[in-house]
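Undergrad:
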């Protein structure tokens, strides 16, 4: 006689088996032999809300395109559109700052008028409440837009690196930004594809929670002895765990073949090859593609050029002058530009106040 517990246990075992089957199917698909067949990454295909399996495979399979060329391809075909979007978002911030300043002045004038005249309470309270509501709304909208300030500046810097097709020339530091930008973009799109296909099975590692103003909640990722920890999003942490589980599943599948004597040494591409590719992918992703933020760096949302770095010796934040061409700065610029390009498609496409207000309300 079966019990409800046994039925639940059977269901759980079946679910785990199905999850394992999906995981091994994914690893076999993305870590298949990277044959050069002429299919390279076409950035326009990844602008849609859903990334197909074929598009996902190309992200892992295209090992031949230069990162700088991919960076150019991401921007060059819509440079004018992105510059217009940047200009609109910056003007939206200035417009709201001006409106907030004007509303505060009107509020102060109304308060003075109320104390120096026989203004009835009803005459004073209603306009005072309207101004208060207006200021609250403007504060909310400014907080939202300022959270994107450094990313908007980063995108503008990347876009302005690219000239017309006939006069395309970039400096060494500019080429480095384009390379870092495209690497970050590829990492973000891999995570986006994983979320689309495995969101129903996503698991998160046990790490310290972290929340930075203007950013989604995530985790602290320790990098080892003598290295500063960084912050990663929940999606990034889940994807890293997924990669490690994929490596484990490939190792187990290879081990099973060896034990059962079913491993065929004449196969051109089998589990040992996939396993090596998966291990290399983890190291490459962590070193070049993984989206992260520095926990010891703070950017002023009202003036992104103002930076503070945490001094671990004194335990205090210190204002610093950023070297525009340092490796750390270029890495941050490339990463932030790719983040707004991948994760804020709707924001970059809105050109009307009603559209922008709707996006802010939905957040």
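In the working numbering, the protein residues as written are 671 to 1033. Quick reminder that beta carbons are idealized off the backbone N, C-alpha and C, glycines included. Given the structure is predicted, the values throughout are model-derived calculations rather than measurements.
Below 8 Å between beta carbons: does that hold for residue 820 and residue 991?
TA: Not closer than 8 Å, so no.
Undergrad: Can you check the region 966-1019 for any beta strand (DSSP E) of at least 3 residues that lies completely inside it and give the ranges in chain order?
TA: For the region 966-1019, whole beta strand (DSSP E) runs of length 3 or above, ordered along the chain, are 967-969, 977-981, 986-990.
Undergrad: Please report the residue range of the beta strand (DSSP E) in which residue 903 lies.
TA: 900-903 is the extent of the beta strand (DSSP E) around residue 903.
Undergrad: Along the alpha helix (DSSP H) that carries residue 743, what are the first and last residues, could you check?
TA: Segment 737-746, the alpha helix (DSSP H) holding residue 743.
Undergrad: Can you tell me which residues form a DSSP beta bridge with residue 888?
TA: In DSSP, residue 888 forms a bridge with 880, 903.
Undergrad: Is it buried or exposed for residue 795, if we count other Cβ within 10 angstroms and need 16 for buried?
TA: The residue in question, residue 795, is exposed, as its Cβ has fewer than 16 Cβ neighbours within 10 Å.
Undergrad: DSSP three-state call for residue 1030: helix, strand or coil?
TA: Three-state result, residue 1030: helix.
Undergrad: Pull up the distance between the alpha-carbon of residue 999 and that of residue 963, whole angstroms please.
TA: So the two alpha carbons sit approximately 12 Å from each other.
Undergrad: Report the rounded CA-to-CA distance for residue 931 versus residue 941, giving the unit in angstroms.
TA: Each residue's Cα considered, the two are about 14 Å apart.
Undergrad: Can you find the residues in the same chain that come closer than 7 Å, C-beta to C-beta, to residue 993, ignoring five residues on each side of it along the sequence?
TA: The answer, listed in chain order, is 999.
Undergrad: What does DSSP give as the partner residue(s) for residue 963 in the beta ladder?
TA: According to DSSP, residue 963 bridges with 901.
Undergrad: Check the Cβ-Cβ distances between residue 743 and every residue of chain C, and say whether any is below 8 Å.
TA: This model lacks chain C altogether, as it is built from one protein chain only.
Undergrad: Could you spell out the range, first to last residue, of the alpha helix (DSSP H) harbouring residue 845?
TA: 842-868 is the extent of the alpha helix (DSSP H) around residue 845.
Undergrad: Just to confirm the assignment, what range does the alpha helix (DSSP H) spanning residue 733 have?
TA: Where residue 733 is concerned, there is no enclosing alpha helix (DSSP H), given that its DSSP letter is neither H nor E.
Undergrad: Closer than 7 Å by C-beta to residue 893: which residues in its own chain qualify, once you throw out the five before and the five after it? Chain order, please.
TA: Correct list, in chain order: 899, 900.
Undergrad: Taking the C-alpha atoms as reference points, what is the distance between residue 769 and residue 686?
TA: Each residue's alpha carbon lies about 56 Å from the other.
Undergrad: Are the CB atoms of residue 705 and residue 919 within a distance shorter than 8 Å?
TA: Going by C-beta atoms, residue 919 is not nearer than 8 Å to residue 705.
Undergrad: CB-CB under 7 Å to residue 831, same chain, minus the five flanking residues each way: which ones, in chain order?
TA: If we look at residue 831 and ignore the five residues flanking it on each side, its Cβ neighbours are 840, 844, 847, 848.
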